[in-house]
Structure formats: C-alpha cells, structure tokens
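In terms of numbering that gives the first Met the number 0, the sequence shown opens at residue 0 and continues consecutively. All C-beta atoms, glycine included, are put in the ideal place defined by N, C-alpha and C. Worksheet: one structure, shown below.
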Amino acid sequence: MNDASHPSKPAFPQPVSGTVVPRFGDVATFMRLPLFRDPADVEIGMVGVPWDGGTTNRPGARHGPRQMRDLSTMMRRVHHVTGVAPYELAKCGDLGDAPVNPASLDDSLERIEAFFAKLHSAGAVPLSAGGDHLITLPIMRGIRKNLPPLGMVHFDAHSDTWDTYFGGYKYTHGTPFRRAVEEGLLDPKRVVQIGIRGSLYKRDDNMWAVEQGMRVITIEEYFDLGVDKVIAEARRVVGDGPTYVSFDVDGLDPAYAPGTGTPEIGGYTPHEAQRMLRGLRGLDLVGGDVVEVSPPFDMSGNTALVGVTMMWEILCLLSEAVARRKGRL
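Okay, structure coming up:
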C-alpha cells in the first residue's frame, strides 16, 4: 500500500491542491511542488531546460518549460489507472531551470552538463522539460558517472541519429543520439525508437541507427503490431539495465500536438502514448525528459498540456523505480 501515514515511510512534499488554492493561483512550479535549489534535497528533480539552440526548423522550444509548468497545474496526486501516488514513493520537487546561453550552443552544452552532473552527484534522478532534443545529450553526459552505457526508450518521429548538418556541424537536435553512442553514453543494442516516420533527405538516413543495433519501430510497424506488442518489444530490447526515457512530442500526431518544431503527420495518439509509457513499469529507469514543446506554434496550451501529461506518466514510473532502489517497494 502507498500509505504516506505508515510509520515506516517518510512524509514527502505534496503538491498544492486545486481544492485549496485555485490552479490559476500562486507561482507556477512543476506539478505545484515546492521549488528547491539544492538537488540533495530531492530524490526526483524536475528541471526545465529552456534552450532551442539546436533547432533546425521552427524555433520556440526554449519557451516550453515555462508553459509546461503552467499547464502542470492540471496534474493531481494519484494516477487514475495504475494507482501510483508518486509523491508518497519519492521526494519530488522542482529544481528550477538548468543554466543556458542563448548566444552559444557550445557554452550551453557545457552549462547543462554541469548542472546535471551536480544533480546526479547529489543522488537525484532527473526528469526534464525541454527545450529541443539536443538537450538530452548534455543530460546524459551529466549523469554518466558510475553508470554503464544506458538503454533508452525513445518516442519520436525522427531517429535523431544523423551525423552532420550544414557542412559538417555535429550538434543539432537531429544528432544527439549518434553523439551519445559515439561517446559511450548509450548502448545502441539497448535502444528502441518508436514512431519513426516522415520523408527523408536520402534513402539511408535511418540506416546508421539500424546498423548500430538500435531497434527502430517505424510508425507503420507500430500500427501493424499494436500497443501491447510494441511495449513487449521495448521491454525486451532494454532489458534489466539502467534505462532512460526520452519523449519528443513530435512522435504524436500533430493533430494532438501542433506546437512543435518539426511536425510529422500520421503519428500515435496521446492515449496510445500514455499506454506505452505505463507499459514500462518495473524497468530500472534513471531519468527521462519530454522535449520539443514549442508554445509559439500552439498558443492554446494544448501541446504543453499533452507534454506535461507525458511528464506525469514518466514521473510515476521514476517514483516506483526510486522506491524500489531504496527498498520502499
């Protein structure tokens, strides 16, 4: 039982309830949790990374974390399907934003890595809101200490394993996972990519990922297999080792998430994505992110709501993983 009143379980911070303070009131934080500045004060730290310097198409994801904080007031305390109450399983909080430099990609990568290295050294598990997808590279660099190459469940329309753009430039939101494999941050044989689709620059654009051993599930195969078989395949690929979850909102059909930089039609629905995330319960998860929410392209806030709801799903997974490692489950 997830009973916070049980004498053997510590009392962790709880979100401000919408029945006490209206959702539109007070300062916006992720999930209406307290804001902490020292990562040693939390077990799961939610972090904004307001940077889109790796974007090659429509910008604006730098504004994602702020709008996602605002829309996270819609999240409550208990998962309506699994019954998981994350704030009873782990000490969760908002750690603010990673420092970035909008005038320098290289400096931003260094700043983001240093921030997450400090978080990792303090024993906290990161759950981040981007920002474009290049932010996952410095996050993985920051949490590499004492971890083997990670497995990854990657939800996306794009493989993000291209080599270079614009005459040999290696750092864009289309290249993070190629760099991560080259740097030994990711074990490609423990990576599954779900929802890959869209026209290509050349026929072999996605072949590097396949050649390294990544399991690439195109959107066509996704619909042929169905959610349950895709979940089973993802679990088979990542196995029992430490695993990261990276969720790009352009993996969803843009009918549901139009506010993103590189939309591709024909994706899965938010409900299908939620079911896939719930199917990852029990994995040894060490971090996660939701990226590419670009508020200027969806002023309604719907894309940010979808994005932060995926954060909530990942938070529930991470809370169980932390509780297991700490002997609470």
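Where residue i falls: helix, strand or coil (DSSP)
i                 : result
glutamate 319     : helix
methionine 74     : coil
leucine 32        : coil
valine 152        : strand
valine 229        : helix
valine 80         : coil
phenylalanine 410 : Any property of residue 410 remains undetermined from this structure, which presents the chain solely from 0 to 328.
tyrosine 86       : helix
glycine 63        : helix
glycine 286       : strand
valine 20         : coil
Supposed close pair residue i, residue j - CB separation, criterion 8 Å
i                : j                 : result
glycine 150      : valine 237        : 4 Å
alanine 256      : threonine 302     : 5 Å
phenylalanine 29 : aspartate 93      : 4 Å
glycine 258      : phenylalanine 222 : No, glycine 258 and phenylalanine 222 are not in contact; Cβ-Cβ is about 24 Å, not under 8 Å.
leucine 199      : proline 148       : Not a contact, Cβ separation roughly 27 Å.
glutamate 182    : glycine 141       : So it is not a contact: roughly 12 Å between Cβ atoms.
glutamine 13     : glycine 300       : At roughly 25 Å, the Cβ-Cβ gap does not stay under 8 Å, so glutamine 13 and glycine 300 are not in contact.
tyrosine 170     : glycine 53        : 6 Å
According to DSSP, residues forming a beta bridge with residue i
i             : result
glycine 95    : Answer is none; glycine 95 lacks a bridge partner.
arginine 214  : Val191
leucine 185   : Leu149
proline 125   : Gly44
aspartate 223 : Answer is none; aspartate 223 lacks a bridge partner.
leucine 251   : Tyr267
tyrosine 164  : Tyr168
Residue j beta carbon less than 8 Å from that of residue i
i                 : j              : result
valine 292        : valine 248     : yes
arginine 178      : leucine 224    : no
alanine 322       : leucine 88     : yes
phenylalanine 154 : isoleucine 195 : no
cysteine 315      : valine 41      : no
valine 209        : alanine 60     : no
methionine 213    : valine 190     : yes
arginine 31       : valine 15      : yes
The region 117 to 130 contacting the region 155 to 164, beta-carbon criterion three pairs below 8 Å: By the criterion of at least three beta-carbon pairs nearer than 8 Å, the region 117 to 130 is not in contact with the region 155 to 164.
Would you check if the region 69 to 85 and the region 311 to 327 touch, i.e. whether three or more CB-CB distances between them fall below 8 Å? yes
Count Cβ pairs between the region 257 to 273 and the region 97 to 105 that sit closer than 8 Å; are there 3 or more? no
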